[in-house]
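Residue numbers (our numbering): 226 to 400.
Structure follows, in structure tokens:
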């Protein structure tokens, strides 16, 4: 695993959301470009900061309010439009941040099995390479999935089990 590298705007957004969620004592793990940077050594310099967070539904409003008070741009209209998606959309200094509510067992397990890495002198958690591969496969990001599955320490059997568990066994068998 590599230290997370990010451009200046994303660095500020990652630090701000990690601080906010830590203050709220919520369990969370970065996914998407942040986790990709940790596993593949790439620089995260485009796209949204995505973070999977274990919380109760009633905490969504608390996060939005506290984020707004800490310099995040939070749109009540955007939150209302995404309520069924279990995501809290916001921006920090122009960078989109998506706080994804861990609303099912799969996401809960992703947070529980996440791994610690360093970022700008702080410890943060990212999903495992196998969980990130699942998300990449579901999101049709073949480049990321291929790069992750090429890592020497990648757990191919673990990935297969996860895919079967969520009903994507056809991906494993090529059906």
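Think of the CB as a built atom: it goes at the ideal place given N, C-alpha and C, for glycine as much as any other residue.
Tell me whether residue i sits in a helix, a strand or coil according to DSSP, three-state version.
{"i": "residue 381", "result": "helix"}
{"i": "residue 228", "result": "coil"}
{"i": "residue 286", "result": "helix"}
{"i": "residue 254", "result": "strand"}
{"i": "residue 241", "result": "helix"}
{"i": "residue 277", "result": "strand"}
Going by beta-carbon coordinates alone, are residue i and residue j separated by less than 9 Å?
{"i": "residue 376", "j": "residue 265", "result": "yes"}
{"i": "residue 304", "j": "residue 281", "result": "no"}
{"i": "residue 262", "j": "residue 289", "result": "no"}
{"i": "residue 413", "j": "residue 243", "result": "Outside the modelled stretch of the chain, which goes from 226 to 400, sits residue 413, for which no answer is possible."}
{"i": "residue 314", "j": "residue 300", "result": "yes"}
{"i": "residue 302", "j": "residue 234", "result": "no"}
{"i": "residue 357", "j": "residue 291", "result": "no"}
{"i": "residue 331", "j": "residue 390", "result": "yes"}
{"i": "residue 388", "j": "residue 256", "result": "no"}
{"i": "residue 241", "j": "residue 312", "result": "no"}
{"i": "residue 245", "j": "residue 295", "result": "yes"}
Ordered along the chain, which non-local residues of its own chain (more than five positions away) have a Cβ less than 7 Å from that of residue i?
{"i": "residue 339", "result": "254, 350, 351, 352, 353"}
{"i": "residue 383", "result": "355"}
{"i": "residue 336", "result": "252, 253, 254, 277, 279, 327"}
{"i": "residue 400", "result": "Any reading at residue 400 must be qualified, since the residue scores a pLDDT of 43, below 50, and its modelled position is unreliable; the value itself is stated next. If we look at residue 400 and ignore the five residues flanking it on each side, it has no Cβ neighbours."}
{"i": "residue 236", "result": "345"}
{"i": "residue 333", "result": "279, 327"}
{"i": "residue 398", "result": "Confidence is the limiting factor: at residue 398 the pLDDT is only 46, short of 50, which leaves the residue's position unreliable and the question unanswerable from this model."}
Spatial neighbours of residue i within its chain, please: CB distance less than 6 Å, with the 5 preceding and 5 following residues excluded, ordered by chain position.
{"i": "residue 258", "result": "269, 272"}
{"i": "residue 343", "result": "228"}
{"i": "residue 238", "result": "274, 317, 320, 322"}
{"i": "residue 381", "result": "none"}
{"i": "residue 287", "result": "none"}
{"i": "residue 307", "result": "314"}
{"i": "residue 297", "result": "315, 317"}
{"i": "residue 226", "result": "263, 342"}
Who are the Cβ neighbours of residue i in its own chain at under 8 Å, not counting the five residues just before and after it?
{"i": "residue 347", "result": "240, 243"}
{"i": "residue 362", "result": "370, 388, 393, 396"}
{"i": "residue 378", "result": "354"}
Note down, one range per segment and in chain order, each beta strand (DSSP E) of at least 3 residues found wholly within the stretch 294 to 376.
Runs found: 312 to 317, 320 to 326, 340 to 344, 347 to 351.
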